[in-house]
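Below: one structure, written as structure tokens.
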Amino acid sequence: MTTRNLLSGPITFSSATNRSANVLHALQYPLHKLAFYGYIEGHRALLAEVIAHHLGTKPTDIEIAPQEWWQHGSFNLVIPLNVDVDPAHSHRVFVHALNTVKKIPKTGASRPPPSERLRLYGLYKQAMEGDVDGVMEQPMAGAGLTAEELQRERDKWDAWNCQKGISRTEAKRRYIEALIETMHRYATTADGRELVSELEFVWNQIKHNSPSASDSSPQAAAPPRRFTQPMSGSDGPMKILSPMSEQDEAELRSQRQMDLEDREMGHDVSVGSGRSQRKMERAITKLSAEVAALREQISTGREWKSKKERSFPSWLGWLVWSIMKHLLIDCVILSLILVWMRKRKDRRLEDLVRAALTLVREYVRNIVPSR
Numbered sequence: 001m002t003t004r005n006l007l008s009g010p011i012t013f014s015s016a017t018n019r020s021a022n023v024l025h026a027l028q029y030p031l032h033k034l035a036f037y038g039y040i041e042g043h044r045a046l047l048a049e050v051i052a053h054h055l056g057t058k059p060t061d062i063e064i065a066p067q068e069w070w071q072h073g074s075f076n077l078v079i080p081l082n083v084d085v086d087p088a089h090s091h092r093v094f095v096h097a098l099n100t101v102k103k104i105p106k107t108g109a110s111r112p113p114p115s116e117r118l119r120l121y122g123l124y125k126q127a128m129e130g131d132v133d134g135v136m137e138q139p140m141a142g143a144g145l146t147a148e149e150l151q152r153e154r155d156k157w158d159a160w161n162c163q164k165g166i167s168r169t170e171a172k173r174r175y176i177e178a179l180i181e182t183m184h185r186y187a188t189t190a191d192g193r194e195l196v197s198e199l200e201f202v203w204n205q206i207k208h209n210s211p212s213a214s215d216s217s218p219q220a221a222a223p224p225r226r227f228t229q230p231m232s233g234s235d236g237p238m239k240i241l242s243p244m245s246e247q248d249e250a251e252l253r254s255q256r257q258m259d260l261e262d263r264e265m266g267h268d269v270s271v272g273s274g275r276s277q278r279k280m281e282r283a284i285t286k287l288s289a290e291v292a293a294l295r296e297q298i299s300t301g302r303e304w305k306s307k308k309e310r311s312f313p314s315w316l317g318w319l320v321w322s323i324m325k326h327l328l329i330d331c332v333i334l335s336l337i338l339v340w341m342r343k344r345k346d347r348r349l350e351d352l353v354r355a356a357l358t359l360v361r362e363y364v365r366n367i368v369p370s371r
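Anchor point for the sequence shown: position 53 equals 53 in full-length UniProt numbering, and the numbering is continuous, going up by one each time.
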């Protein structure tokens, strides 16, 4: 018997006659699906750019799944993605760590030994500039440096060179971990412990993400990301939603509601409560990370605003504004006094003002050359 294809699967003529809906219109849906899939396939680059824009990352970090992984319902299309956002997250925590280092002297914490400081210095330079080769030459004698200064510069160069070959992202991760380890040993004050606890909490949220290759140092390329096919007999990581009518959807919702009521009547709530608890824990963890990041942004903004207010251009602008404001107030007061004295037919102050303006005009004429 001849069969035709619908979105929900093949259908025979006898099956179509038993349906109350018009199947002829639905026969066009597979062709529309292929056309729509082709349109989306032709705009993969644009789709990656839009996703990267909303996630705050780069289009190269977005991998769109092949068509065999796409899933659709009656009115929607689900396209799985792989998003590599680890560099962005590591950089955010790295900036947090640098701000933490700036705050450490204010806590009164003890100073780490030179070996620890050099290790952090080497990781910092590797994270910021990549390999030392081509960036900084090895210090040599005869460069106008004393023996002590030469040894200090050589130690810095050696510390940087020890990190040669690792990517910038990996260097940031190692810097954060080394800083947390060092602060645990030497930040013994209450403020210091609070700083390291906050940094460690933020870092724990993302440190298990797989590190990604950076755009700096030469390194073995990371294996490309792949969408693994689902095992036979399973739906894979996504649930397949077949097209259904409004009546079928209403029946499915009713069945789910009945199952939920049956579970409640049977007091089978242990699974649901466990899921709710895990969901609540994840929400609290995410909220705490966002609060810590927001607190860091507020602190950075306050420091920047304070530095800006103390800068010379800001002070000069405030001085000019104050002078202009006082001059404007004096002019308003003088105008009111002149109007009041003119009503009393007293022209003494007005004559003085006119004489002063005449002197100013003559002075300006003598200074400014005539055209």
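Note that the Cβ used here is the ideal one computed from N, Cα and C, for glycine as well.
inquiry  = Please report the distance separating the alpha-carbon of residue 164 from that of residue 130.
reply    = 8 Å
message = With distance defined between alpha-carbon atoms, name the residue in 197, 171, 110 nearest to residue 128.
response = 171
task = Within the same chain, show all residues whose beta-carbon is closer than 6 Å to that of residue 331, passing over the 5 residues directly before and after it, in chain order.
result = none
request  = Would you check if the segment 32 to 41 and the segment 57 to 77 touch, i.e. whether three or more CB-CB distances between them fall below 8 Å?
outcome  = yes
task = Taking all protein chains shown into account, decide if residue 183 is buried (16 or more other Cβ within 10 angstroms of its Cβ) or exposed.
result = buried
task = Please confirm if the segment 151 to 160 is in contact with the segment 188 to 195, defined as three or more CB-CB distances below 8 Å between the two stretches.
result = no
Sequence ranges, alpha helix (DSSP H) only - wholly within the segment 5 to 43, length at least 4 = 13 to 17, 23 to 26, 29 to 42
query = So, is residue 267 buried or exposed, given that buried needs 16 or more other C-beta atoms within 10 angstroms?
reply = Bear in mind that the predicted position of residue 267 carries a pLDDT of just 45, short of 50, making it too unreliable to give a figure here.
Residue 50 in three-state terms, based on DSSP = helix
inquiry  = Going by beta-carbon coordinates alone, are residue 51 and residue 24 separated by less than 8 Å?
reply    = no
key: Collapsed DSSP secondary structure at residue 81 in the structure displayed   = strand
ask   = If you draw a straight line from the C-alpha of residue 222 to the C-alpha of residue 178, how long is it?
value = Any answer about residue 222 is weak, because its pLDDT of 44 lies below 50 and its placement is not dependable; what the coordinates show is given next. The straight-line gap from Cα to Cα measures roughly 24 Å.
Limits of the beta strand (DSSP E) - the one that residue 63 falls within = 62 to 64
message = What would DSSP say about residue 3, mapped onto helix, strand or coil?
response = strand
query = Hey, residue 344 and residue 350: beta-carbon distance below 8 Å or not?
reply = no
query = So, are the CB atoms of residue 160 and residue 126 less than 8 Å apart?
reply = yes
key: Top-ranked residue by Cα proximity to residue 89, from 352, 325, 314, 202   = 202
request  = Would you kindly report the start and end of the unbroken alpha helix (DSSP H) that includes residue 354?
outcome  = 348 to 367
query = Among 99, 19, 355, 47, which residue has its Cα nearest to the Cα of residue 299?
reply = 99
task = Determine the closest residue to residue 13 out of 22, 3, 7, with distance taken between C-alpha atoms.
result = 3
key: Burial state of residue 283, where buried means 16 or more other Cβ atoms lie within 10 Å   = exposed
key: Three-state class that DSSP yields for residue 277 in the structure shown   = helix
inquiry  = In chain order, what are the residue ranges of uninterrupted beta strand (DSSP E) at least 3 long that sit wholly in the segment 271 to 347?
reply    = none
request  = Tell me whether residue 71 sits in a helix, a strand or coil according to DSSP, three-state version.
outcome  = strand
ask   = With 8 Å set as the bound, which would you pick, yes or no: does the beta-carbon of residue 52 sit closer than that to a beta-carbon of chain C?
value = Absent here is chain C; the protein component of the structure consists of one chain.
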